[in-house]
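>
Protein chains: 2
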Amino acid sequence: MTHKGRSVAVKVGLLGLGTVGAGTAAILLDSAGRHPLMADIEVYRVGVRSLTKPRPVAIAEEHLTTDLEAIVTDPDVDIVVEVIGGLEPARSLILKAIHAGKHVVTANKAVIARYGDEIFTAANEAGVYVLLEAAVGGGIPVIQPLKQALGVNRIHAVTGIVNGTTNYILTRMQQEGGDFEPILADAQALGYAEADPTADVDGLDAADKIAILASLAFGGRINLADVHSEGIRHVSAADITYADQLGFVIKLLAIARRDTCPVSNEVLDQLQLRVHPTLVPKSHPLASINDVYNAILVEGEPIGQVMFFGPGAGAGPTASAVASDILSIAASLKSQAAASPGPNPLLACSHQHYCKVSPMADIVSRFYVRLLAQDQPGIIGQLGTCFGNHEVSIESVVQIDLHDGVAEIVVVTHEVQEANFQTALDEVRAFAGIQTVPGVLRVL
Amino acid sequence: MTHKGRSVAVKVGLLGLGTVGAGTAAILLDSAGRHPLMADIEVYRVGVRSLTKPRPVAIAEEHLTTDLEAIVTDPDVDIVVEVIGGLEPARSLILKAIHAGKHVVTANKAVIARYGDEIFTAANEAGVYVLLEAAVGGGIPVIQPLKQALGVNRIHAVTGIVNGTTNYILTRMQQEGGDFEPILADAQALGYAEADPTADVDGLDAADKIAILASLAFGGRINLADVHSEGIRHVSAADITYADQLGFVIKLLAIARRDTCPVSNEVLDQLQLRVHPTLVPKSHPLASINDVYNAILVEGEPIGQVMFFGPGAGAGPTASAVASDILSIAASLKSQAAASPGPNPLLACSHQHYCKVSPMADIVSRFYVRLLAQDQPGIIGQLGTCFGNHEVSIESVVQIDLHDGVAEIVVVTHEVQEANFQTALDEVRAFAGIQTVPGVLRVL
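Heads up: the sequence lines are chains A and B, in that order.
Just so we're aligned, residue 9 is where the first sequence starts under the working numbering, counting upward by one.
Just so we're aligned, residue 9 is where the second sequence starts under the working numbering, counting upward by one.
(1) DSSP state of Glu309(A), grouped into three classes?
(2) Determine whether the Cβ of Arg241(A) lies closer than 7 Å to any Cβ atom of chain B.
(3) Just curious, the beta strand (DSSP E) that Ala197(B) is in, first and last residue?
(4) Exposed or buried, which one is Lys12(A) when buried takes at least 16 other CB atoms within 10 Å?
(5) Measure the Cβ-Cβ separation of Val166(B) and Ala225(B) and say whether it is below 7 Å.
(6) Rounded to whole angstroms, what is the Cα-Cα separation between Val330(B) and Pro310(A)?
(7) Whose C-beta lies closer than 6 Å to the C-beta of His236(B) among residues of the same chain, with five residues either side of it excluded?
(8) State whether the region 112-119 of chain B contacts the region 211-227 of chain B, with contact taken as three or more CB pairs (one from each stretch) at a distance under 8 Å.
(9) How is the beta strand (DSSP E) around His111(B) delimited, first residue to last?
(10) Have a look at Thr326(B) and Gly145(A) and give me their C-alpha separation to the nearest angstrom.
(11) If we require 3 or more residues per run, which beta strand (DSSP E) segments fall completely within the region 235-306 of chain A?
(12) In this structure, does DSSP put Ile230(B) in helix, strand or coil?
(13) The alpha helix (DSSP H) spanning Tyr123(A) covers which residue range?
(14) Output yes if chain A places a C-beta closer than 7 Å to the C-beta of His361(B); else output no.
(15) Within 7 Å of any Cβ in chain A, is that where the Cβ of His398(B) sits?
(16) Are the Cβ atoms of Ala142(A) and Ile106(A) separated by less than 7 Å?
(17) Does DSSP put Asp409(A) in a helix, in a strand, or in coil?
(18) I need the DSSP call for Phe439(A), collapsed to helix, strand or coil.
(19) Tell me which same chain residues have a C-beta within less than 6 Å of the C-beta of Gly24(B), skipping the five on either side of it?
(20) Quick check on the DSSP output: the alpha helix (DSSP H) that includes Ser336(A) runs from which residue to which?
(21) What is the DSSP secondary structure of Tyr362(B), reduced to helix, strand or coil?
(22) Taking the alpha-carbon positions, what's the Arg14(B) to Gly350(B) distance?
(23) Using DSSP with H/G/I as helix, E/B as strand and the rest coil, what is Ala168(A)?
(24) Whose C-alpha, out of Tyr362(B), Asp299(B) and His43(B), is nearest the C-alpha of Asp277(A)?
(25) Beta-carbon of Arg378(B) versus every beta-carbon of chain A: anything under 7 Å?
(26) Within the 7 Å Cβ cut-off, does Arg14(A) reach chain B?
(27) Let me check understanding here. Comparing Cα to Cα, which of Ile387(B), Ile248(B), Gln382(B) and Phe429(B) lies closest to Asp412(B)?
(28) With C-beta atoms as the reference, is Val113(A) less than 7 Å away from Leu341(A)?
(29) For a contact meaning CB atoms closer than 7 Å, what does Leu260(A) contact in chain B?
(30) If you measure between the beta carbons of Leu355(B) and Tyr137(A), is that distance less than 7 Å?
(31) Looking at chain B, is there any beta carbon in it that lies within less than 7 Å of the beta carbon of Tyr123(A)?
(32) For Met9(B), is the classification buried or exposed, using 16 other Cβ atoms within 10 angstroms of its Cβ as the cut-off for buried?
(33) With distances taken Cα to Cα, identify the nearest neighbour of Glu238(A) among Thr393(B), Ile49(B), Met368(B) and Cys394(B).
(34) Could you please give me the residues that DSSP links to Arg450(A) through a beta bridge?
(35) Comparing the C-beta of Arg63(B) with each C-beta of chain A, is any distance below 7 Å?
(36) By Cβ distance below 7 Å, which residues in the same chain neighbour Leu279(B) in space, the five residues on each side in sequence not counted?
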């Protein structure tokens with residue numbers, strides 16, 4: 009990108025410096041190796057509760073303030089990033105930022121699910137963006153694909169495992185055959201569930217998220233009260249066992265689906281919106297999403313099914329999502345900054361140089377080798393010595409006697425350098441006792 | 009979106025009307041229920057080999073031409089969509105379109121992997137976009153997330169199952185214990201493999217794709233000759249069996265990874281680029297990607313791991329990807345069309361109305377019910393009659409005797425209307441023989 013807007017930094021006003029805020033600042037303050045445009049984004053002001061609290065990121069003191077209102081009205085701020093969480097003052101600050109002509113990035117699913125109508129109406133009137141990739145699925149890019157790449161489809165359904173806490177509890181119940189209460193208590197002790205677990209285990213957090221996903225997938229606003237929500241408190245170890253025997257796992261699914269007439273199968277102009285524990289066939293893509301991971305399955309015409317999978321929470325992933333929204337807005341601002349608008353740097357190709365590529369001989373990996381050998385004493389010893397001479401360390405060797413004095417030997421190595429392995433293998437091929445080496449494969 | 013550019017249609021010149029071209033036209037010609045901006049995109053000219061061949065989509069004859077050069081230089085065309093495939097004339101037409109100031113959308117991985125340098129250099133000079141979502145992973149949105157949402161990360165590795173044909177063959181070899189050659193022949197008969205399967209089974213198609221993914225993930229161009237490529241011809245049923253016993257499945261992986269020093273573990277400014285059959289631990293997210301499906305796992309800092317999963321080929325999914333690129337460019341053109349640039353409609357909120365939501369009572373789904381009952385004759389008959397009276401059809405009933413004359417009964421229903429089910433269940437709860445109904449869950 010070489011157009012005129014390039015050198016002007018995009019100024020970010022960050023509201024909150026908790027785990028997500030600090031993670032976001034860490035990305036923005038250390039832009040090497042990321043998208044080149046990241047270097048043009050500046051952490052301009054940061055709103056915190058206390059100026060003296062120690063921080064995990066180094067923010068110069070003159071950028072810190074406890075006056076959050078001053079940030080959202082600061083004429084120099086281009087993008088306000090709301091990562092304080094909770095309903096108020098988050099909602100009011102977002103609205104004030106919009107009215108002051110700021111673009112907004114938020115991770116606040118609760119505010120968006122409840123006040124999305126108010127917020128997006130204000131944003132459209134003010135001609136600013138409100139982006140919220142971090143509100144659903146942590147670091148998984150799902151909001152942007154739903155708004156953009158998948159938008160050409162007629163979406164039939166969005167089905168997600170969007171709450172990591174309940175997925176962690178259900179996974180442990182499944183794996184240990186345990187009951188809800190003790191595993192919840194353990195999850196709380198381990199920090200996977202909050203002291204007041206209501207929002208998670210009663211499905212309210214998932215309801216917020218499916219309301220947001222449905223709004224984007226189906227192009228309309230959602231009354232949060234319309235989302236039916238059941239949690240996982242009543243799921244018992246017995247249910248999980250029976251479900252298992254019937255070929256299912258139990259998952260807390262958040263479902264948004266365009267409704268069809270049960271008689272004519274005709275597509276209706278209304279949605280199903282529901283969160284409830286669900287028996288999922290073991291062959292279904294969502295059945296194998298375990299622990300705190302999230303996944304969102306999108307079905308539509310003509311795409312069929314696509315699924316997005318990743319960490320549903322955590323400072324790093326969530327900060328990645330927040331930063332990606334900042335990048336999108338910065339790219340849009342950059343492309344319009346010049347007197348004559350230039351290309352959007354996120355759509356254009358941003359590099360010209362060639363990457364340097366390592367020769368295969370230098371690559372380090374594990375190997376699987378299958379050899380056919382005369383079944384004679386010492387062949388494995390010979391193999392081991394030869395591999396050892398070339399620094400190829402062996403993880404396992406299995407010898408299977410076949411027939412007519414022929415044995416099949418399967419070797420798995422530790423991580424070794426390709427050149428060493430290939431040299432050793434060439435020597436092995438030349439052994440008197442080795443007939444062929446039909447299988448040589450790398451191991452991930 | 010209400011800015012001035014709105015009413016001007018974006019004109020698409022489509023090169024090729026094969027399966028992908030026809031699929032793309034079908035999306036563009038039938039925009040209801042898709043992103044509102046799709047209504048402003050016009051299939052303006054379509055280049056075909058024969059004007060008289062029957063088509064799966066209705067294109068008015070005056071839009072068809074056999075003169076593809078005339079399309080790429082037509083002053084009225086905004087976006088040229090190249091879906092003819094092959095190296096020439098695709099490459100020349102793309103370059104001519106760029107020189108004529110057209111934005112380009114292509115599904116042509118072979119051209120981009122070989123001539124990307126030439127094409128993107130020309131595009132940057134001309135100030136036009138060349139988008140290629142369909143070149144990798146069929147309908148899975150992966151190019152756009154790599155360029156945009158994931159761009160804030162330092163990418164460590166991109167690992168993909170990006171060739172559906174080989175994944176289909178390996179999956180069948182795994183499931184049937186069969187050998188490569190007969191399953192390849194069967195895949196050819198079924199249309200999953202081409203008559204000349206070289207590009208697929210020798211890993212060349214996957215090499216093209218990982219070169220493209222690496223270029224985007226690591227922000228540099230890739231010499232295709234630098235990609236080490238091994239196919240699956242030498243993978244035998246024996247290898248798959250041994251791998252299985254060792255806890256692995258064999259997948260053709262395309263790997264792009266920032267290399268690290270094997271001694272210091274320091275990150276080097278060079279890449280590993282390789283395609284080869286690989287033993288993948290069964291617990292790895294890529295291990296469960298079967299049949300013709302594709303998946304791309306992206307690892308980076310701070311996001312950790314995210315995976316994109318979906319159909320890697322097929323007219324519908326590929327057309328979805330092509331259309332999504334057209335939409336991205338159209339949005340960019342729209343936001344710059346007015347005298348003063350407006351918001352990008354893909355980033356802004358595009359709807360104002362509320363969605364209508366079906367009441368839970370109307371939802372149709374399967375149910376799982378667990379009841380504790382007195383172990384007395386006829387209880388299952390009573391249950392069945394009651395459910396039947398309310399049109400609740402039962403798929404399976406299992407009764408397990410517990411202790412002290414108490415039995416646990418597990419019922420799974422067919423698809424039934426929620427209101428009917430709940431009414432029936434209320435009656436069941438009132439049965440003299442029923443103690444409690446501790447488990448009521450929906451089935452996907």
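Ideal Cβ placement from N, Cα and C applies to all residues, glycine included.
All of these numbers come straight from a predicted model, not from anything done at the bench.
In short:
(1) Taking the first sequence and counting its residues from 1, the one referred to as residue 309(A) is at position 301. Strand at Glu309(A).
(2) The residue given as residue 241(A) occupies position 233 in the first sequence. Taking Cβ atoms only, chain B never reaches closer than 7 Å to Arg241(A), which makes this a no.
(3) The residue you call residue 197(B) lines up with position 189 of the second sequence. Per DSSP, Ala197(B) belongs to no beta strand (DSSP E); it is in the alpha helix (DSSP H), Phe188 to Leu198.
(4) To locate residue 12(A), count along the first sequence from 1; it is residue 4. Because Lys12(A) sits at a pLDDT of 40, beneath the cut-off of 50, its placement in the model cannot be relied upon, and the following sentence gives the value as read from the coordinates. Exposed.
(5) Position 158 of the second sequence, counted from the start, is the residue given in the question as residue 166(B). Position 217 of the second sequence, counted from the start, is the residue given in the question as residue 225(B). Cβ atoms of Val166(B) and Ala225(B): closer than 7 Å.
(6) The residue you call residue 330(B) lines up with position 322 of the second sequence. The residue you call residue 310(A) lines up with position 302 of the first sequence. Looking at the two C-alpha atoms, the distance is approximately 12 Å.
(7) Numbered from 1 along the second sequence, position 228 holds the residue referred to as residue 236(B). Correct list, in chain order: Arg282.
(8) yes
(9) For the purposes of this step, residue 111(B) is identified with residue 103 of the second sequence, where counting begins at 1. It spans His111 to Thr114 - the beta strand (DSSP E) in which His111(B) sits, taken as one unbroken run.
(10) Taking the second sequence and counting its residues from 1, one reaches residue 326(B) at position 318. Taking the first sequence and counting its residues from 1, one reaches residue 145(A) at position 137. Cα to Cα, Thr326(B) sits roughly 25 Å from Gly145(A).
(11) 256-268 and 275-289
(12) Start at 1 with the first residue of the second sequence, and residue 230(B) comes out as number 222. Note: Ile230(B) maps to coil in three-state DSSP.
(13) On the first sequence, position 115 is the one that residue 123(A) refers to. Segment Lys117 to Ala134, the alpha helix (DSSP H) holding Tyr123(A).
(14) Residue mapping note: residue 361(B) aligns to position 353 of the second sequence, counting from 1. True, the Cβ-Cβ gap to chain A drops below 7 Å.
(15) Position 390 of the second sequence, counted from the start, is the residue given in the question as residue 398(B). Answer no: the Cβ-Cβ gap between His398(B) and chain A never drops below 7 Å.
(16) As a first step, residue 142(A) must be located in the first sequence, where it is residue number 134. As a first step, residue 106(A) must be located in the first sequence, where it is residue number 98. No, these two residues do not count as a Cβ contact at 7 Å.
(17) Along the first sequence, one-based indexing puts residue 409(A) at 401. If DSSP states are grouped into helix, strand and coil, Asp409(A) belongs with the strands.
(18) Residue 439(A) sits at position 431 when you count from the first residue of the first sequence. In this structure, Phe439(A) counts as coil in the three-state DSSP scheme.
(19) Residue 24(B) sits at position 16 when you count from the first residue of the second sequence. Once the five neighbours on either side are set aside, the close Cβ partners of Gly24(B) are Val91 and Ile92.
(20) On the first sequence, position 328 is the one that residue 336(A) refers to. Element bounds for Ser336(A): Ala323 to Ala345.
(21) As a first step, residue 362(B) must be located in the second sequence, where it is residue number 354. Strand at Tyr362(B).
(22) By 1-based counting over the second sequence, the position of residue 14(B) is 6. By 1-based counting over the second sequence, the position of residue 350(B) is 342. Because the pLDDT of Arg14(B) is 43, which lies under 50, any placement of that residue in the model is unreliable, and the question is left without a value.
(23) For the purposes of this step, residue 168(A) is identified with residue 160 of the first sequence, where counting begins at 1. The question names Ala, yet the displayed sequence has Gly at residue 168(A). It is a strand residue.
(24) Stepping through the first sequence from its first residue, residue 277(A) is reached at position 269. Nearest of Tyr362(B), Asp299(B) and His43(B) to Asp277(A), Cα basis: Tyr362(B).
(25) On the second sequence, residue 378(B) is found 370 positions in, with the first residue counted as 1. Cβ-Cβ to chain A under 7 Å: yes for Arg378(B).
(26) Locating residue 14(A) in the first sequence gives position 6, counting from the first residue. The pLDDT assigned to Arg14(A) is 42, lower than 50, so where the model puts this residue is not dependable; a value taken from the coordinates is nonetheless given after this. It does not; no Cβ of chain B falls within 7 Å.
(27) On the second sequence, position 404 is the one that residue 412(B) refers to. Cα-wise, what sits closest to Asp412(B) is Gln382(B).
(28) Position 105 of the first sequence, counted from the first residue, corresponds to residue 113(A). Position 333 of the first sequence, counted from the first residue, corresponds to residue 341(A). No, the Cβ-Cβ distance between Val113(A) and Leu341(A) is not below 7 Å.
(29) As a working note, residue 260(A) is residue 252 in the first sequence. Within chain B, no residue comes near Leu260(A); the closest Cβ sits about 11 Å away, beyond 7 Å.
(30) Residue mapping note: residue 355(B) aligns to position 347 of the second sequence, counting from 1. Residue mapping note: residue 137(A) aligns to position 129 of the first sequence, counting from 1. Contact flag set, yes.
(31) Mapped onto the first sequence, residue 123(A) falls at position 115. No, because no Cβ of chain B sits closer than 7 Å to the Cβ of Tyr123(A).
(32) Here the question's residue 9(B) lines up with position 1 in the second sequence. The predicted model places Met9(B) with a pLDDT of 29, which falls under 50 and marks its position as unreliable; any figure quoted below should be read in that light. Under this definition Met9(B) is a buried residue.
(33) Residue numbering aside, residue 238(A) sits at position 230 when the first sequence is read from its first letter. The shortest Cα separation from Glu238(A) among Thr393(B), Ile49(B), Met368(B) and Cys394(B) belongs to Met368(B).
(34) Residue 450(A) sits at position 442 when you count from the first residue of the first sequence. BP columns for Arg450(A) point to Phe375(A) and Thr286(B).
(35) Taking the first residue of the second sequence as 1, we reach residue 63(B) at position 55. No, Arg63(B) lies away from the interface with chain A (no Cβ there is under 7 Å from its Cβ).
(36) Within the second sequence, residue 279(B) is the residue found at index 271, counting from 1. Contacts found: Ala222, Phe226, Ala264, Arg265, Arg266 and Asp267.
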